[in-house]
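Heads up, the sequence shown is in our numbering, so the first residue is 1 and it goes up one at a time.
C-beta: ideal position from N, C-alpha, C; glycine also.
To start, the structure itself, in structure tokens.
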Amino acid sequence: MQTSSDRHEYPAHWEADVVLRDGGTARIRPITVDDAERLVSFYEQVSDESKYYRFFAPYPRLSAKDVHRFTHHDFVDRVGLAATVGGEFIATVRYDRIDAEGMPASSPADEAEVAFLVQDAHQGRGVASALLEHIAAVARERDIRRFAAEVLPANSKMIKVFTDAGYQQQRSFEDGVVRLEFDLEPTDRSLAVQRAREQRAEARSVRRLLTPGSVAVIGAGRSPGGVGRGLLANLRDAGFTGSLYAVNRAVQEKELDHVPAYRSIREIAEPVDLAVVAVAAEHVPEVVAECGEHGVQGLVVVSAGYAESGPAGRERQRALVRQARTYGMRIIGPNAFGIINTSPDIRLNASLAPEMPRPGRIGLFAQSGAIGIALLSRLHRRGGGVTGVTGVSTFVSSGNRADVSGNDVLQYWFDDPDTDVALMYLESIGNPRKFTRLARRTAAAKPLVVVQGARHGGAAPQGHAVRATRLPHATVSDLLRQAGVIRVDTITELVDTGLLLARQPLPTGPRVAILGNSESLGLLTYDACLAEGLSPLPPLDLTTGASAEDFHAALARALTDDTCDAVVVTAIPAVGETTAADEALAEALRSAAAAAPAKPVLVVHVELGGLADALSRATSTAPHAVPPSDERPARARVDEVRPPEDAHLIPAYPAAERAVRALAEAVRYAQWRRDAADPGKVPEYEDIDEKGAADQIDTLLSRGEGLTLGSDQTCELLARYGIAVREARPAPTPDEAAAAARAVGYPVALKATAPHLRHRADLGGVRLDLTDEEQLRRAYAELTGLFGRPEELRPVVQGMAPRGVDTVVRAVIDPAAGAVVSFGLAGAASQLLGDTAHRLIPVTDRDAASLVRSIRTAPLLFGWRGSAPADVGALEELLLRVSRLVDDHPEVVAVSLEPVVVAPRGLSVLGATVRLARPPARDDLGPRTLPVY
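Structure follows, in structure tokens:
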């Protein structure tokens, strides 16, 4: 049992699982008095050289005094952390707070001396770097701002750990010792180093699962049938290139389906990299323990009976993850469909899919097994019939996503040379901040297409433990698009878009040429382009008598025409047309496209299976069967087709709207790629009083949590960021209303601010352009006559603002997604249509410009139907100032400016509310750690 040692309770929140450089995992936790034996055992396994580097002298063993010192901590001035695998120490780090003379000290001293010791067998795995991140976070929590470390010059590995961390540091040399001092405040470089290490480690952890040298199927039944036996057959029939084993406690035979069989994984003499677990949930813990002790690197758990089954199953799932991570293993699942790697060097089908998908350049991730089956089926069917060998590189179906998630797979795909396009079906996003960060980086290198299920269910599917978000789906969708994600609504659109992006270049603009042998189909395509915001050229009708040569010539001209960026070819079959004609047309289109490969080409065909098949074929890549292994015959052979890298495959679609929708997504994504190359900047405003705002916020929060500011406090805080709110004076009586109007000056507006009437001009609670006291008193009587007593209406008097477009600006900090700014026009119509756009904070100048222009009613700001254009520049500046306020002060958890009247010159903020609270903790700025669901 872990207990507190001296002054403070055991800090359980410092415990964390981390992924190491080689893809394995380790547990980091505080060292306690109960760890004496573990510490002694650990020290005995450290080499004499490493001990010398740690203590600067021969130090063969720890004394009782040493053990007491290294296991008794107050968790404030003296802290020790250990990295463990299998419950045993593999590395330790500690800090001791010191004063300016280097002597032991307590707060307010803000410097500490830090020292590491890593077992030789685990050096080079990035253990010390991970421990440094965590001990630095602990130190910052305890108000330590600076670390000092003394290192022997020959200890180059430890010096590199400190210098590579990215902190600002100073180095000196005295008495034969290198002294390093560095501030613990995270820097842009330290954060970049941390995230680069995170990417490499998490990518390698997934690579270990997808590229095993040996696989054991645990739970393979003795008789045909059953999940385990099916998994074994699928691995065997795919032609897995590594060693394959069957494990079943009741097995008597030496082989199952020509695969070596064992009663326990312990009996296998060779190392096992991956275990596929298909036993009842109650037997899984025993299997995991045996796998961990045997050195298995990862698990695919297809067993059900976990979080999807209810609270008891959720606890069983958490215990499974804890147990696996104890041994340094990562898990796909539980309740998983499995994983696939089509690489000819691997040929891994550790899934319930009976057939290996065609090899290709598309990576697939699905949280649902059923959707995974549908995706594989559609890509297999479309891959052979429409785009040929555009198949799958890797496939992961995560099931309950208890450990390995879509974020991990994104890390792997980011630099996977075999994956050009990533397709994901998500039912929940466990860490939205991290997902958007990884998605932005991935999308800058290769397309990422996402369809999200359970969008309107209000809760995550059974089995998925995720953080709560208050953001509606439309907002999440906007934020994903801001990160470069291609968001589609259906599985069909996911496949349509993925197939286009996998083998066609990105369009350089929205101009589309349309040509074909059907005028009607051309017009349908033209209309579909307009509906998707593209710019189609007038369709070219080749007539129904067009030959393959006519198609070739027309497509060649379109591809060399500088007035178009993409070409859609429409084709209908002629009566009595033969397969030979299909082949001729396909070859004509292929050859024309290959001669000008810079523009994407799509085909819309009507019941033209022959053409679709022909388009997919390349004469130099005829299918061939994978030869069966000499050791184990394959029950069924797998067609493996590998196209030449320069093969120009044309995707074909059975409907115009499907082709155009996929093309429109490609156009928008290409524009995002161009914009991402210059993301803009966050402007600096000299009139911002950041310190004054911080002091005001601290003073206000000292009065309590969850504070909605009063009108004067709101205006004062916003004014510190250059945001002026037009004064509104309370008018509890007609006489006070008249006095307020004289003070602000006529003309004025009289408004009811009761919650049910606020910002609802459509209900009649506002009177505008009151030019004198008589009109004001008459309006006051009308409002009170219609809606009730003044104390119920809460009327205010406000000076009239210049006429313009009424808009709304809001910002909120969501506990899952982070800080978000929103913009839309004011009024019931915009609310009814959901016409609001969103961006993550901090907002750049380019973000602000795109935010204003991304709502459907944006034309009203730009002189629609002859009206005067609004001052969009002033509006963009307001958005940037609100973004700065929330980004600089995360205690500002909500801001609402409504209405904001944008006039031809300038704007007026007529209403504002601000809410303060202690911000939710941000785990994206802390040390690397695996999530705990």
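For residue i versus residue j, is the C-beta distance shorter than 8 Å?
i, j, result
"P842", "D769", "no"
"G406", "M424", "yes"
"Y53", "L180", "no"
"A693", "Y721", "yes"
"I934", "V276", "With the chain covering only 1 through 933, there is no way to say anything about residue 934."
"V902", "G804", "yes"
"T844", "P651", "no"
"P919", "P890", "yes"
"L352", "P212", "no"
"E111", "A148", "yes"
"L524", "G484", "no"
"L701", "L709", "no"
"L783", "R758", "no"
"R511", "D565", "yes"
Answer with buried or exposed for residue i, where buried requires no fewer than 16 other C-beta atoms within 10 angstroms of its C-beta.
i, result
"A546", "buried"
"D273", "buried"
"E665", "buried"
"V177", "exposed"
"Q252", "exposed"
"E549", "exposed"
"K751", "buried"
"A749", "buried"
"E267", "exposed"
"F862", "exposed"
"D698", "exposed"
"P931", "buried"
"W864", "exposed"
Ordered along the chain, which non-local residues of its own chain (more than five positions away) have a Cβ less than 6 Å from that of residue i?
i, result
"H624", "Caution applies to H624, whose pLDDT of 36 falls short of 50 and renders its modelled position unreliable; the model cannot decide the point."
"S830", "G824"
"A670", "L506 and P507"
"D687", "G722"
"R934", "There is no way to answer for residue 934, as the model of the chain reaches only from 1 to 933."
"A130", "V18"
"P627", "Its pLDDT being 40, under 50, P627 is placed unreliably in this model, and the value from its coordinates should be taken loosely. Result list for P627: empty, nothing under 6 Å."
Which residue from the options puts its Cα closest to that of residue i?
i, options, result
"N517", "R503, Q504, V488 and V606", "V606"
"A16", "A531, H134 and E493", "H134"
"Y306", "V852, V227, G295 and V321", "V321"
"P755", "E727, T733, R777 and L793", "L793"
"V114", "H552, V85, G87 and R145", "R145"
"I265", "A281, A280, H258 and G295", "G295"
"A26", "E101, Q323 and E519", "Q323"
"G533", "P417, V667, P447 and D416", "V667"
"T857", "L879, L832 and L880", "L832"
"A12", "D806, V138 and K254", "V138"
"Q45", "R29, V33, D565 and L62", "L62"
"G242", "I346, S867 and A566", "I346"
"R934", "R325, E255 and P931", "Nothing can be reported for residue 934: it is not among the residues displayed for the chain, which extend from 1 to 933."
"E198", "N248, S223, K434 and D698", "K434"
"G86", "T436, Y327, A731 and A350", "Y327"
In chain order, what residues of the same chain lie with their CB nearer than 7 Å to the CB of residue i, ignoring the 5 residues before and after it?
i, result
"T187", "G166, Y167 and Q168"
"A554", "L515, L540 and L542"
"V279", "I218, G219, V287 and S303"
"G764", "L786"
"P271", "S214 and G295"
"R382", "V495 and L499"
Ignore the nearest five residues each way along the sequence and tell me which others in residue i's own chain have a CB closer than 8 Å to its CB.
i, result
"R853", "none"
"R378", "I491, T492 and V495"
"T714", "V725, A912, T913 and V914"
"D48", "P58 and P60"
Just checking, does the stretch 400 to 413 make contact with the stretch 359 to 370 on the three C-beta pairs under 8 Å criterion? yes
Three Cβ pairs or more, each shorter than 8 Å: is that satisfied between the stretch 897 to 914 and the stretch 866 to 877? yes
Could you say if the stretch 325 to 332 and the stretch 284 to 301 meet the contact criterion of at least three C-beta pairs nearer than 8 Å? yes
Take every Cβ of the stretch 78 to 93, pair it with every Cβ of the stretch 102 to 122, and state whether three or more of those distances are shorter than 8 Å. yes
Is it the case that the stretch 830 to 850 contacts the stretch 474 to 489, given that we only count it when at least three CB pairs across the two stretches are under 8 Å? yes
Should the stretch 407 to 420 be called in touch with the stretch 197 to 213, which here means at least 3 C-beta pairs below 8 Å? yes
Evaluate the contact criterion for the stretch 700 to 708 versus the stretch 772 to 779: three or more CB pairs, one atom per stretch, below 8 Å. no
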